[in-house]
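A.B. asks:
Chains as they are written, first to last, in this note's numbering: chain H, 173 to 436; chain L, 1201 to 1414.
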């Protein structure tokens, strides 16, 4: 976002921000399906346009734990000496340390105790033995990995955007606009497919179940499966085959149903 | 039938499962058009699909087996992959017109809890149970001293999804325990659902119950 700063960024209505944030590029008027935390929001906003809503590792709102992690990330950015109250675009460097720290924390929340243990364990990065060197920050492989993730993130993401995106996620609550989750979902005409993952602690199964129960209460069409996976929140990106097994027939049937509806 | 049938060299009596068609038809006949129906242990969604097509029902299934869940989704049937023994806590009271539990009660760990939950979430509950009070089961136990098995589940006692054995009398007692009321009892005898049958507890292979909260 060239030339933007916090002042010029504009105070968009937060709900609108959320909606924009989750809008996967779709220039046309037709939206056969959506796939993001905001899928349920879309389906309530555009009941006639959206026929299929797929909510993977998702929720009707971010949990207190999720807000807590976002809070740490934002704190890291705004306390970076290079942040300059958001007006860093014409300066030699932005709040890169803060942004990479934010990413390091967030990245941990996408993994699971199980997956991080399997991937790194206590293995060392450089040598076969501990250095007992306090300032050596990448002794363990897991440290090296997080540092790498942090520094790569800075290359492709803007710190102000990070603040706005995470804030928008904090504020997002499906219940807000329509009084309750059930009322919001009662407006939808879409078929819903919801998945959660056994080791996801950022968007745990209980939150997928909450969405599912509200859809059942609102007499909507909903299928729900908790998939077993070791990869934490990232499971929804990595467990492709078990997802395809559900998603393919789901989309086929939705397409059939909406075609026969439009013919009648 | 599976090879297991042949392995049963002792020719034990095997309670025939009512034909899926008969069970389905009997259940469907008890459901009014346009109803909201929950099928517990819906399998591949066959019954729900039928209810949607023929009755314009608003349908929801629950099924434990992932393979069956995929098949249900492939029929366009909305299904929740879940364990009935965890209950239906998230569903509001009276959110369904009908709850169906067909040939499943004997397989759950907590039949009492499931029945209570069905009576809570649905106005009416339809339950199909095998009748282990059938005279041939009794005779088999008397003469051969062997535990009963059912047609679709000809498993040995140590390897069977059938956790509980009940007769029609036993089931009626359970309905009382969970503060339910039997609105209708349809014993399935010789491939037919009979409204009035003599000695049903001796003759029925299984029975359909229509229940309400007392």
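Glycine is no exception: its CB is placed at the ideal position from the N, C-alpha and C atoms.
Got a sec? Which residues, its chain only, sit under 6 Å from residue 1394 of chain L by beta carbon, not counting five neighbours each side?
C.D. replies: 1387, listed in sequence order.
A.B. asks: Quick one: Cα of residue 1299 of chain L to Cα of residue 1272 of chain L, how far?
C.D. replies: Roughly 18 Å between the two C-alpha positions.
A.B. asks: Mind pulling the chain L residues with CB within less than 7 Å of residue 418 of chain H?
C.D. replies: In chain order: 1270, 1273.
A.B. asks: Evaluate contact between the region 344–361 of chain H and the region 210–230 of chain H, counting only Cβ atoms and requiring at least three cross-stretch pairs below 8 Å.
C.D. replies: Segments in contact, yes.
A.B. asks: In chain order, what residues of the same chain have a beta carbon less than 8 Å from the beta carbon of residue 1264 of chain L, not counting five sequence neighbours either side?
C.D. replies: Excluding positions up to five away in sequence, the list reads 1241, 1281, 1282, 1283, 1284.
A.B. asks: Going by DSSP, which residues form a beta bridge with residue 358 of chain H?
C.D. replies: According to DSSP, residue 358 of chain H bridges with nothing at all.
A.B. asks: If you measure from the beta carbon of residue 429 of chain H to each beta carbon in chain L, is any gap under 8 Å?
C.D. replies: Yes, its Cβ sits closer than 8 Å to a Cβ of chain L.
A.B. asks: Taking C-alpha atoms, which residue in L:1261, L:1238, L:1270 lies nearest to residue 422 of chain H?
C.D. replies: Comparing Cα-Cα distances from residue 422 of chain H to each of L:1261, L:1238, L:1270, the minimum goes to L:1270.
A.B. asks: Does the beta carbon of residue 1291 of chain L sit closer than 8 Å to a beta carbon anywhere in chain H?
C.D. replies: Closer than 8 Å to some Cβ of chain H, the Cβ of residue 1291 of chain L qualifies, so yes.
A.B. asks: With DSSP collapsed to three states, give me the class of residue 225 of chain H.
C.D. replies: Strand, per DSSP.
A.B. asks: Taking C-beta to C-beta, are residue 1330 of chain L and residue 1406 of chain L nearer than 8 Å?
C.D. replies: Their beta carbons are under 8 Å apart, which means residue 1330 of chain L touches residue 1406 of chain L by this criterion.
A.B. asks: Could you give the distance in angstroms between the alpha-carbon of residue 396 of chain H and the alpha-carbon of residue 236 of chain H?
C.D. replies: One C-alpha to the other measures close to 24 Å.
A.B. asks: Would you call the region 1290–1308 of chain L in contact with the region 1232–1241 of chain L, where contact means no fewer than 3 C-beta pairs closer than 8 Å?
C.D. replies: The region 1290–1308 of chain L vs the region 1232–1241 of chain L: in contact.
A.B. asks: Write down every uninterrupted run of the beta strand (DSSP E) in the region 1263–1336 of chain L whose length is 3 residues or greater and which is fully enclosed by it, in chain order.
C.D. replies: Listed in chain order, they are 1279–1281, 1296–1302, 1322–1330.
A.B. asks: Candidates H:268, H:345, H:332, H:247: which alpha carbon is nearest residue 323 of chain H's?
C.D. replies: For the residues H:268, H:345, H:332, H:247, the minimum Cα distance to residue 323 of chain H belongs to H:268.
A.B. asks: Does the beta carbon of residue 253 of chain H come closer than 8 Å to any beta carbon on chain L?
C.D. replies: Closer than 8 Å: no.
A.B. asks: What is the DSSP secondary structure of residue 1392 of chain L, reduced to helix, strand or coil?
C.D. replies: Looking at residue 1392 of chain L - three-state DSSP - the assignment turns out to be strand.
A.B. asks: Compare the beta carbon distance of residue 1363 of chain L and residue 1309 of chain L with 8 Å and say whether it is the shorter of the two.
C.D. replies: Going by C-beta atoms, residue 1363 of chain L is nearer than 8 Å to residue 1309 of chain L.
A.B. asks: Please tell me whether residue 1242 of chain L has its Cβ less than 8 Å away from any Cβ of chain H.
C.D. replies: No, its Cβ sits nowhere closer than 8 Å to a Cβ of chain H.
A.B. asks: Extract the residue ranges of the beta strand (DSSP E) inside the region 370–425 of chain H, only unbroken runs of 3 or more that lie entirely within it.
C.D. replies: Counting whole runs of 3 or more residues, the region 370–425 of chain H contains the beta strand (DSSP E) stretches 393–399.
A.B. asks: Please list, in chain order, the residues of the region 1230–1262 of chain L that have any C-beta partner in chain H closer than 8 Å.
C.D. replies: Taking 8 Å as the Cβ-Cβ cut-off against chain H, the residues of the region 1230–1262 of chain L that qualify are 1236, 1258, 1260.
A.B. asks: DSSP beta-bridge partners for residue 1240 of chain L?
C.D. replies: Bridge partners of residue 1240 of chain L: L:1262, L:1301.
A.B. asks: Identify the residues that DSSP records as bridge partners of residue 1409 of chain L: which are they?
C.D. replies: Answer by DSSP bridge pairing, in chain order: L:1327, L:1385.
A.B. asks: Cβ atoms of residue 1379 of chain L and residue 1414 of chain L: under 8 Å apart, would you say?
C.D. replies: The answer is yes: Cβ separation under 8 Å.
A.B. asks: Please tell me whether residue 1411 of chain L and residue 1226 of chain L are closer than 8 Å, where the distance is taken between their beta carbons.
C.D. replies: For residue 1411 of chain L and residue 1226 of chain L, no; Cβs fall outside 8 Å.
A.B. asks: Starting from residue 289 of chain H, follow the alpha helix (DSSP H) in both directions and report where the run begins and ends.
C.D. replies: Looking at the DSSP string, the run of the alpha helix (DSSP H) that includes residue 289 of chain H is 285–291.
A.B. asks: Hey, is residue 1308 of chain L's beta-carbon within less than 8 Å of any beta-carbon in chain H?
C.D. replies: No - not a single Cβ of chain H is within 8 Å of the one on residue 1308 of chain L.
A.B. asks: Which chain H residues are close to residue 1314 of chain L, counting only those with a beta carbon under 8 Å from its beta carbon?
C.D. replies: Those do not exist, as residue 1314 of chain L stays about 17 Å from chain H at its closest Cβ, beyond 8 Å.
A.B. asks: Using a threshold of 8 Å, state whether the C-beta atoms of residue 1277 of chain L and residue 1245 of chain L are closer than that.
C.D. replies: Going by C-beta atoms, residue 1277 of chain L is nearer than 8 Å to residue 1245 of chain L.
A.B. asks: So if I threshold CB-CB distances at 7 Å, which residues from the region 372–397 of chain H count as touching chain L?
C.D. replies: Here the close residues are 381, 384, 385, 388, 389, 391, 393, 394, 395, 396, 397.
A.B. asks: Nearest by alpha-carbon distance to residue 1275 of chain L: which of H:433, H:420, H:435 is it?
C.D. replies: Among H:433, H:420, H:435, the Cα nearest to that of residue 1275 of chain L belongs to H:420.
A.B. asks: Residues in the same chain with beta-carbon distance under 8 Å from residue 1392 of chain L, minus the five sequence neighbours each way, listed in chain order, please.
C.D. replies: Excluding positions up to five away in sequence, the list reads 1222.
A.B. asks: In angstroms, rounded to a whole number, what distance separates the CA positions of residue 200 of chain H and residue 213 of chain H?
C.D. replies: At residue 200 of chain H, the pLDDT of 31 sits below 50, so the modelled position is not reliable and the matter cannot be decided from this model.
A.B. asks: Using 8 Å for Cβ pairs, my map puts residue 407 of chain H next to residue 399 of chain H. What's the rounded Cβ distance?
C.D. replies: The pair is a contact, with the Cβ atoms about 7 Å apart (cut-off 8 Å).
A.B. asks: Could you compute how far the alpha carbon of residue 1356 of chain L sits from the alpha carbon of residue 1347 of chain L?
C.D. replies: About 9 Å.
A.B. asks: Who are residue 310 of chain H's beta bridge partners in DSSP?
C.D. replies: Paired residues: none, contrary to the question.
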